[in-house]
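Have a look at the structure below, then the notes.
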Amino acid sequence: MAENPTPAGMKLQPRSFAILFSVSIVVAIGNTGLMAVLPAIAREIKIADWMISAVFGLSALLWAVMSPIWARESDKRGRKPLIMLGLAGFMVSMTLCACVVSLGLHHLLPPMVIFVLFLLCRALFGLVGSASNPATQAYLAERTTRADRTQQMAALAGAFGLGTVVGPFLAPLFILPGVTLAGPMFAFAIFAGLMLAVVWRGLPEEESQRKENRRFAGAGQEKGLWRDPRVLPFLVYGFAVACCQTAQGYTLGFMIIDKLGVKPMEALGFTAVAMGAGALAGLLAQWGLIRMFSMGPKQLLRWGVGL
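Last residue of the sequence shown? That's 309 in my numbering, and every number before it is there in order.
In structure tokens:
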């Protein structure tokens with residue numbers, strides 16, 4: 003008998019994995035693409051650098067708080083509805099952010115008002131858009147065996163890596179006449195809408211499988227995530243690593259503008275190359291080194307933080 007077999011009828015299909023992979027790519031493209039253009043937007047609208055950090059900080063905080071809540075909801079309501087909810091939140095948030103940025107670029111509202119509106123619109127992503135990530139991972143986890151799960155999860159994480167490579171290069175292509183720097187956000191919202199339709203039409207999850215989800219996940223028996231001693235060390239680990247990575251990502255664009263002494267629009271190409279190179283290195287590790295060395299989760303955690 004295979005180790006840790008998945009419940010009957012819940013084997014992961016290649017098409018389902020492709021859809022989950024695409025969901026992760028779209029979200030990553032939107033996030034990193036936004037990070038690539040926001041420094042230029044901030045300088046054009048005359049918003050202070052710390053305000054942009056505050057926008058991302060609030061969204062990230064809401065993401066961290068809401069993710070375990072949405073994970074429990076996915077146990078009750080099914081993975082597919084929560085994936086769709088997250089994509090819908092992402093789409094609405096991006097659309098509203100694009101509209102607010104457009105108002106700021108045309109100087110129709112004061113910078114402080116633009117900041118507050120942008121803060122609230124981006125917070126919607128952390129509040130609702132965070133639903134797709136835990137539901138996507140849970141959908142994959144419950145349809146794979148323990149022996150295959152690490153590699154499948156690494157491949158899914160590689161989708162985020164691929165998105166972070168593509169996003170910064172893709173964003174400048176949507177800076178078009180009329181929408182200018184708000185164009186990438188409108189484009190990312192359209193991508194999310196298309197992906198929402200693909201999930202709705204193509205990702206299988208029957209009602210019987212939703213009931214199996216609850217039995218498989220042990221819904222109703224779990225402790226609060228933040229109080230679970232089995233999970234707490236990984237939360238602390240992830241928090242520390244994420245702080246280092248995000249601090250670098252959010253300040254990179256501003257540093258390039260200041261150090262090179264170029265105009266915000268001219269800095270977009272340099273920012274895209276710098277962000278893309280870093281993301282490409284992470285992608286090579288996720289898709290190449292993990293499979294090459296066949297290391298387990300503990301070894302990956304140790305080597306990853308050390309390097």
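From the three backbone atoms N, C-alpha and C, an ideal C-beta is built for every residue, glycine too.
For clarity, every value in this text was computed on a predicted model and none was experimentally measured.
Looking at the structure shown, is residue i part of a helix, part of a strand, or coil, going by DSSP?
{"i": "L237", "result": "helix"}
{"i": "T253", "result": "helix"}
{"i": "T147", "result": "coil"}
{"i": "M93", "result": "helix"}
{"i": "E75", "result": "helix"}
{"i": "M267", "result": "coil"}
{"i": "Q301", "result": "helix"}
{"i": "E207", "result": "coil"}
{"i": "L110", "result": "coil"}
{"i": "K13", "result": "coil"}
{"i": "V130", "result": "coil"}
{"i": "A311", "result": "There is simply no residue 311 to check, as the chain begins at 3 and stops at 309 in what is shown."}
{"i": "P231", "result": "coil"}
{"i": "G306", "result": "helix"}
{"i": "A50", "result": "coil"}
{"i": "G88", "result": "helix"}
{"i": "G80", "result": "coil"}
{"i": "G222", "result": "At G222, the pLDDT of 47 sits below 50, so the modelled position is not reliable; the number obtained from the coordinates is stated separately. Looking at G222 - three-state DSSP - the assignment turns out to be coil, as it is neither helix nor strand."}
Could you round the C-beta distance between residue i and residue j to whole angstroms and report it? I think they count as a contact, below 8 Å.
{"i": "M68", "j": "S132", "result": "5 Å"}
{"i": "C99", "j": "M197", "result": "At roughly 18 Å, the Cβ-Cβ gap does not stay under 8 Å, so C99 and M197 are not in contact."}
{"i": "V29", "j": "G165", "result": "7 Å"}
{"i": "V200", "j": "S18", "result": "Not a contact, Cβ separation roughly 11 Å."}
{"i": "I107", "j": "T182", "result": "Reading off the sequence shown, one finds Leu at residue 107, where the question assumed Ile. Confirmed, Cβ separation roughly 6 Å."}
{"i": "M37", "j": "G251", "result": "6 Å"}
{"i": "A140", "j": "A73", "result": "7 Å"}
{"i": "S134", "j": "L178", "result": "Going by Cβ atoms, the distance from S134 to L178 rounds to 28 Å, so no, they are not a contact pair."}
{"i": "R293", "j": "Q153", "result": "7 Å"}
{"i": "A184", "j": "G35", "result": "Not a contact, Cβ separation roughly 12 Å."}
{"i": "K82", "j": "E207", "result": "4 Å"}
{"i": "S26", "j": "T138", "result": "6 Å"}
Span of the alpha helix (DSSP H) holding residue i?
{"i": "V200", "result": "G185 to G204"}
{"i": "R293", "result": "I292 to F295"}
{"i": "R45", "result": "P16 to I47"}
I'd like to confirm the pairing. Which residues does DSSP put opposite residue i in its beta bridges?
{"i": "L178", "result": "T182"}
Within the same chain, show all residues whose beta-carbon is closer than 8 Å to that of residue i, passing over the 5 residues directly before and after it, in chain order.
{"i": "L291", "result": "none"}
{"i": "S61", "result": "R124, A125, F127 and G128"}
{"i": "G284", "result": "G163 and T166"}
{"i": "M297", "result": "W305"}
{"i": "L111", "result": "L105 and L119"}
{"i": "L270", "result": "A38, V39, A42, A173, P174 and I177"}
{"i": "P102", "result": "Reading the sequence as shown, one finds Val at residue 102 and not Pro. Taken in chain order, the residues that qualify are I116, L119, F120 and C123."}
{"i": "L63", "result": "G128"}
{"i": "E75", "result": "L84 and A133"}
{"i": "T248", "result": "F58 and A62"}
{"i": "Y239", "result": "L303 and V307"}
In its own chain, which residues sit with a C-beta less than 7 Å from the C-beta of residue i, not counting the 5 before and 5 after it?
{"i": "G117", "result": "According to the sequence as given, residue 117 is Phe; it is not Gly. Same-chain partners within the cutoff: I49 and M53."}
{"i": "F272", "result": "I258 and L262"}
{"i": "M96", "result": "G32, M187, F190, A191 and A194"}
{"i": "D150", "result": "none"}
{"i": "V168", "result": "I31"}
{"i": "L122", "result": "none"}
{"i": "P299", "result": "T152"}
{"i": "E46", "result": "L107, L183 and P266"}
{"i": "W65", "result": "G128 and S132"}
{"i": "V264", "result": "none"}
{"i": "P136", "result": "S69, W72, A73 and S76"}
Note down, in chain order, each residue of its chain lying with its Cβ closer than 6 Å to the Cβ of residue i, except the 5 sequence neighbours on either side.
{"i": "G278", "result": "V167, P170 and F171"}
{"i": "G255", "result": "P41 and T273"}
{"i": "G204", "result": "I21"}
{"i": "V307", "result": "none"}
{"i": "S55", "result": "Y252"}
{"i": "A161", "result": "F23, S26 and I27"}
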